[in-house]
Amino acid sequence: MIIPMQTFGWAEIGWITLIGFSLVFLLLVLLIGVLTIFGKVATFKKKEKPATVAKSSAKPQEDPHMVAEAKVAAIAIALSLYRGAMHDQESEVITIQAIKRAYSPWNSKIHSLTQLPERK
18 MIIPMQTFGW
28 AEIGWITLIG
38 FSLVFLLLVL
48 LIGVLTIFGK
58 VATFKKKEKP
68 ATVAKSSAKP
78 QEDPHMVAEA
88 KVAAIAIALS
98 LYRGAMHDQE
108 SEVITIQAIK
118 RAYSPWNSKI
128 HSLTQLPERK
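First residue of the sequence shown? That's 18 in our numbering, and the numbers climb one at a time after it.
Okay, structure coming up:
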């Protein structure tokens, strides 16, 4: 049983093409709009009310257990210098030495090829 092929005229082909292109562009614009909305929702920050700071003319109290920044920096530099001195001083010369290897026939082509039989 042979199914007859339906023939389209130029008018039908034009309408199908126009509908297809319109649908693609409409979905593209819709996708851009959805992604824009998701981007704005993801980056939305709630406006925070500024905290009221009590006005005081007194100097802020320092914690006696806190160390001044300059002391921390001095300790860090001292530790860095101490740890740097622990390493050996190496010469910056790269040497390449040839390594002698014993013959290993595991990948030799001679052993993998089939030998031809001798003709008599």
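Glycine included, C-beta positions come from ideal geometry on N, C-alpha and C.
Item to check | Continuous alpha helix (DSSP H) stretch holding GLU109: start and end | outcome: Your numbering for residue 109 matches position 92 in the sequence shown. Here GLU109 belongs to no alpha helix (DSSP H), and DSSP marks it neither H nor E.
Checklist entry - Looking only at its own chain, which residues have a Cβ that is under 8 Å from the Cβ of ILE6, when we skip the five neighbours before and after it? => result The chain is shown only over 18 to 137; residue 6 falls outside these bounds and no answer can be derived.
Item to check | Where LEU133 sits in the DSSP three-state scheme | outcome: As a working mapping, residue 133 is identified with position 116 in the sequence shown. Coil, per DSSP.
Checklist entry - Alpha carbon to alpha carbon, how far is LEU52 from TRP123? => result Against the sequence shown, residue 52 aligns to sequence position 35. Against the sequence shown, residue 123 aligns to sequence position 106. Each residue's Cα considered, the two are about 60 Å apart.
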